[in-house]
Structure formats: C-alpha cells, structure tokens
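I have placed the structure first, in the form of structure tokens, so that the comments after it can refer back to it.
Residue numbers (my numbering), protein chains in the order written: chain A, 64 to 402; chain H, 478 to 828.
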C-alpha cells in the first residue's frame, strides 16, 4: 500500500488484504458437521484422486465441495461486491450517507424476484429476474434523470422515486400472491446464504468479477470524480462517461449479489466508512481495502451463523444487527466519518 | 413423550378451555396470544380470518354463521370450496399482504372475529378500532391444542355436543395410531426431516404427527419452546449431520405451486450422502395448510405411521381411512380421494 504514512498503517493494510485468504481457509472448517482439518484435507485429496483415500466418508466430500466451498466463495464475493459498490457510490456522490442500494437496486431486485416467484413459476428463476429488474431500476433512474445525471441531487431524487415505484409494484405482486409463494418471497427478502450452490456462483461470480475489476481500475479516477465537475474536467476527465461507468459497474455487482442472496443490509454502507476511518479517503486504497474487509466481515458473519447453533439467522438480519453497533462504537472512538 | 413445549401448550389450552364458561352467557376467554376476549352471549355472525377455525366451523356444521372469510380459505383452499360451496360467495376481508378491509367488516357486522395469532398487531388493532371482539386462536402444531380449539369453538357457537363427538373420534383415532409404536425407544424411531414453507431449509421445531406416528423429528425443540415459534431455518450441512431416514416435503400446495419437490430433493447432489436420499425415502406430507385441517392431520398421522412402520400398519388402507375420516368431519364421502388427486399424492393412495 504505497502512500500510507506510517508502517503501522501499512502493516494493517497488508493484514486486511491477506485476511480474506486466512478466513477462507478457516471458514472451510466451520459448520454444523464437525470435520477435523485433517479430514477436510483428506476429502480434498479423495476428490482429486478417489483411490488415494477410499475411507473418506462421502458426506465429507459433499460438505466440503458442494456446501462449504460454494458458500464461503459466495460470502466472499458478495461481501466484496457490496462493499466496493458502496465505497464507489459514496465517492461518486460525494455523500457518506449513500449506500449500494440508493439507485433502486434492492427494490428492483425484490420486485423481479417476486414477479418470478408469483407469476413466472419455474420459467425464469428469481435470481435472474432479480438481476434483470435491479439493472432495469438503475436504467430507469439514468433514463429519467437524462442529461441531469451529472447532478447528484437529481440522480438521488430519481433513485428515491424509482425505489418507491418498484416498492409499490412489489406490494401489488404481494397482494395477488399465493400465500405459499409469499412464504418463499419473505424468506428471499431476508437475505440468506443457506442455500448457496455452485449454480449460484456460476451466475454471479463472473458478473461480480468483471464489475470489481472495472471499479478497481477506476479507483484513482474516483478521487478525481470526488472533486467538483469543473475541477475534474480541467484534469482531462470525461465526467459524464466516467460516472456512467462507475454507476454501471456498481449496479452490476450489487445486482448480481442481491439477486443471489437477497438484501444484505448495511454492509456496503459501513465497510467503506470503516476503511476510511482507518486509512483515509484516498479511493486508491479505499476500493481494494473495502473489498478485502467486506469479504472478511461477510465470511466471519456467516461463520458465526453456521458455527454457533443448529439453526440459522438469515445473514441479512445478522449483518444489520451486528454491523450497526460496531460502526457506532468506531464512530464514537474516531469522531469522524468522512475525510 | 411429553415435552416442555407440549406441556406449555396443554396448560395454556386448559386455561383457554376452562375460561369458556356456560353457553348462553357472556363469557371471557384467553386466546392464544394470552389476551382476554369478552365473547357476547349469542354468536350468530362470525367472521373467520383463521383457516383452521373456518374448517372447525365447517366440521361443527356452523358454516351458515360465517359472514366473511380470509383470502386463503376464500380463494386458495381447494377443499373448502367443496365442503362449503356457498363460501365462494362470501366476502373476502383479509388479503395475503395481511391488510384487512375494516369498512367491509363493519358492513358485515359480525358478533365475533377469529384471527390468526401470527399477525400480532391485527387482533388488538381490529378490536380497538371496530369494537368487535377478536379471538386469536391456533393449535400451534399440537393435537391437544387442536382438540381444545374444537371444544372452545363448539362452546362459543353452541355446537358443544358435536364438538365433543369430534373430539372423542379424534382422540380414539390418534390412540389407535400411537398404540403399536408407543413403547419404541427414541433410537428405534425413524428420524424425519421436514422441509416446510416452500423451502428446503425451513423446518418445524414442533410437529406432533411425526412423533405420534412413531417417528422422530430431527429438528424437534431446536428452538426453546418459550419463544412460541414453530419453525426455523437450518443449513443444508445440518441436514447431512442429522442424516435423516426420511425427508418429508410439505405438499399441501397444488403441484404447479410447489417450489420444493420430492424429485428436486432426490436430485440435490449436496444431499447425496443422506440416508433418505440413498434409500429414496423422500415423500410428500400435508404439513401446515395455513394451520391445520383437523381431518387432514389425522389422515396425515396415519400415513406417516404406515410410512415409518410398514410392518405394523400393513393392513391400513390410507384412502379408505381418509375417506371415512373426512366423512365423519365434513359429512361428504369421497372428498379425500378428490383431494389426493388434486394434490397428485399417488403414494398416499397406493394399495
């Protein structure tokens, strides 16, 4: 992490960047089914060469390769996606109160999932419908705000209006829904990783990877976009194009994450703030460190959910319940939010 | 086996029953939310927003007193339309989003409203704003709760004798199902995992038909009973850890509405190491059907008993028993067979 003033900050940044790797390995050992690290290692070997360890129970392989691995990878991807999306939009809008759902993504995704569950049956899965309508919601915001898209207030107001519109549509679908389908919809809205599978990863991971890469490459331009438009233009930046690019990439990763796991509250709001409290507001650091911290927090939250009890609290509820007090404690300690 | 939760329900239900005083007089009952509800001396016009109570009213022969229904029983319940065809013409007062049309309630002018205890704020809110007594009642997955409910509704509506007959019939049937497996040790009872509420990972922590049928619900009492909830969410990994002998999928939906299916569970590769999958013991069961159908839960318990212990219930013909039970409760022959066809429950009627 070049540019960090002291070795302590640099050390902390390096620690945060390698933390996801450590937590990834640790998370593979956590779960309702107790398997020793040695047992997990044998399960990996037996999956590669079945004849090498014929005594490994089938359940070990299923748990490691079909349940824990996709779930931990999904937790990582979703945590990184929502945090980077929140960080990018906060920088772009020059507003610390912005979160990753500000442009109507959550209400669009929820409406899409509801539409799929209630009316479309199995023809269009809720994950895909959620993604399509999340993107449609942001598309509507950009279309309605038109040339005013460079004015943040216009964009935010349009975002609020589109959110309200899709929320009303969601209520309308709920009004006509079969009670059985409503049960599934409410469960989806709570946000959960409990049914994570490789299929979910095949759908979401490429989109999240592309979006994260774009935002990572644009991270220094976010610093320029955080200035006034005039200043940014004087530095040779095509403000309109860059903003659309950032909004597009943030939408892509948030929609991909939300469509798969439902609405995960507060992560994209809190993580960038925590990173800024620790390392300052330079987006060259905020973007990658938000990705690392978001992925880590999501894995830790999911580990607690999976490891503490036999039942599961939906992670969307858990992140809100735990994230907000942590944020308030840090806020009180540092007495600053935005630099 | 009497569990803490069952004891709480029984004690609570006894209070509820004991509080129903003498017919013909105004009385005060404690409902499932612990609220005191003053019931008028004469209950001629009933608005039922609770499908379980509506079915009990049908079994008691009190459907003519219904003046309005909830969305589910009025529009979605495939059986109620057969039991009480006139019900399709009754006004629907509550919708799936839990909204209630209060102006319509006033127009219907009911003496008493039955509501579900899951929508905590609704009973008090309606009672306060409209001045009509609202009793929130449910069996909460317990046979004793259901029996006390039948007794109470019978007492409140003046159908006490019919309620007693149904109660005795229900108890006798349950006793006959439980008897062959009553002495079984816990480890001799097949372990069953229940995938309810349109999700593989949502399961009831209390479901008496499984125990009564000589089985063991693997999620039994996973949450402390004092929380009052009957369902929770578990991980797929936890299901593998439990390694159930049976997986029972809630099947009280029309086939096209099922989001979790027997075939889907059997094909789920994550569960391939589970005994139930390997031995293809994944089956539909009725489950909660916006609470219970008293006749349905009785047949369901019989079906589960035959599923868990085929050698002990070899002579039991589920279709025949089902049609008899439905006739006793609802006075119509053959409706169980129709129900099985509508739900595509071929296994239930296989000879």
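By construction, the Cβ of each residue, glycine as well, lies at the ideal position given by its N, Cα and C atoms.
In this text the structure is predicted, and so the values were computed from the model without any measurement.
Buried or exposed (CB count within 10 angstroms, at least 16 for buried), residue 597 of chain H: Classification of residue 597 of chain H: exposed, given that the 10 Å Cβ count is below 16.
Contact check, residue 766 of chain H vs residue 796 of chain H, beta carbons under 9 Å: Against a cut-off of 9 Å, the Cβ pair of residue 796 of chain H and residue 766 of chain H comes out as no contact.
Within-9 Å CB hit, residue 525 of chain H to chain A: Chain A places no beta carbon closer than 9 Å to that of residue 525 of chain H, leaving this residue out of the contacts.
Under the three-state DSSP convention, the category residue 595 of chain H falls into: In the structure shown, residue 595 of chain H sits in coil (DSSP, three-state: anything other than H, G, I, E or B).
Residue 545 of chain H - containing beta strand (DSSP E), residue span: Unbroken beta strand (DSSP E) run through residue 545 of chain H: 543-547.
Three-way DSSP call (helix, strand, coil) for residue 571 of chain H in this model: Three-state DSSP puts residue 571 of chain H in a strand.
Contacting positions in the region 151-181 of chain A - beta carbon closer than 8 Å to chain H: Within the region 151-181 of chain A, the qualifying residues are 180.
Closer than 9 Å to chain A by CB, residue 594 of chain H: With its beta carbon at least 9 Å from every one in chain A, residue 594 of chain H lies outside the interface.
Where the beta strand (DSSP E) through residue 507 of chain H begins and ends: It spans 504-507 - the beta strand (DSSP E) in which residue 507 of chain H sits, taken as one unbroken run.
beta-carbon residue 688 of chain H near the ligand GTP non-hydrogen atom, thresh 8 Å: In the structure shown, the ligand GTP is absent, as is every other ligand, since no ligand is present at all.
Reference residue 793 of chain H, options H:570, H:780 and H:805, closest by Cα: Looking at the Cα atoms, H:780 is the closest of the given residues.
Backbone CA spacing between residue 768 of chain H and residue 618 of chain H [nearest angstrom]: Spanning the two alpha carbons is a distance of roughly 8 Å.
Test: residue 744 of chain H CB closer than 9 Å to a CB of chain A: Taking Cβ atoms only, chain A never reaches closer than 9 Å to residue 744 of chain H, which makes this a no.
Residues near residue 390 of chain A in its chain [Cβ-Cβ closer than 6 Å; skip 5 each side]: A distance below 6 Å between beta-carbons, with the five flanking residues on each side excluded, links residue 390 of chain A to the following residues of its chain, in chain order: 333.
Beta bridge counterpart(s) of residue 761 of chain H as assigned by DSSP: Residue pairing by DSSP puts residue 761 of chain H in a beta bridge opposite H:726.
Short CB-CB distance (under 9 Å) between residue 671 of chain H and chain A: Chain A, which has no Cβ nearer than 9 Å to the Cβ of residue 671 of chain H, makes this no.
Where residue 659 of chain H sits in the DSSP three-state scheme: The three-state secondary structure of residue 659 of chain H, taken from DSSP, is coil.
Neighbour flag for residue 568 of chain H against chain A, beta carbons, 9 Å: Closer than 9 Å to the CB of residue 568 of chain H there is not a single CB belonging to chain A.
DSSP three-state assignment for residue 818 of chain H, whether helix, strand or coil: Three-state result, residue 818 of chain H: helix.
Where the alpha helix (DSSP H) containing residue 701 of chain H begins and where it ends: Element bounds for residue 701 of chain H: n/a, residue is neither H nor E.
Cβ neighbour criterion (16 or more within 10 Å) applied to residue 291 of chain A: With fewer than 16 other Cβ atoms from the protein chains shown falling within 10 Å of its own Cβ, residue 291 of chain A counts as exposed.
Residue range of the unbroken beta strand (DSSP E) whose run includes residue 525 of chain H: DSSP places residue 525 of chain H inside the beta strand (DSSP E), whose first and last residues are 523-525.
Contacts of residue 572 of chain H in chain A (Cβ-Cβ under 7 Å): Here the neighbours are 238.
Euclidean distance between Cα positions of residue 831 of chain H and residue 632 of chain H: For residue 831 of chain H there is no data in the structure shown, the boundaries of chain H being 478 and 828.
Selection of the region 116-129 of chain A by Cβ proximity to chain H, strictly under 9 Å: Those residues of the region 116-129 of chain A that come within reach of chain H (Cβ to Cβ, closer than 9 Å) are 120, 121, 122, 123, 124, 125, 126 and 129.
Whole alpha helix (DSSP H) elements within the region 607-634 of chain H, 4-residue minimum: List check, alpha helix (DSSP H) in window: 620-634.
Beta-carbon proximity of residue 339 of chain A to residue 349 of chain A, cut-off 9 Å: Their beta carbons are under 9 Å apart, which means residue 339 of chain A touches residue 349 of chain A by this criterion.
DSSP bridge partner residues for residue 679 of chain H (one or two, in chain order): When DSSP reads this structure, residue 679 of chain H sits in a beta bridge with H:710.
Opening and closing residue of the beta strand (DSSP E) in which residue 803 of chain H lies: From DSSP, residue 803 of chain H is part of no beta strand (DSSP E) but of the alpha helix (DSSP H) over 795-807.
Chain H contacts from the region 213-230 of chain A (Cβ-Cβ distance under 9 Å): Answer set for the region 213-230 of chain A: empty.
Chain A within 9 Å of residue 674 of chain H, Cβ atoms only: Yes, residue 674 of chain H lies at the interface with chain A (some Cβ there is under 9 Å from its Cβ).
Unbroken alpha helix (DSSP H) run spanning residue 559 of chain H, endpoints: Residue 559 of chain H -> alpha helix (DSSP H) spans 557-560.
Limits of the alpha helix (DSSP H) - the one that residue 319 of chain A falls within: That run of the alpha helix (DSSP H) goes 302-324.
Residue-chain proximity (residue 696 of chain H, chain A), Cβ-Cβ < 9 Å: So, interface residue.
Sequence-distant residues of the same chain with beta carbon closer than 7 Å to residue 663 of chain H, five excluded per side: Taken in chain order, the residues that qualify are 693.
is_contact[residue 374 of chain A, chain H] using C-beta, thresh 9 Å: In terms of beta-carbon proximity, residue 374 of chain A lines the interface with chain H, with at least one pair separated by less than 9 Å.
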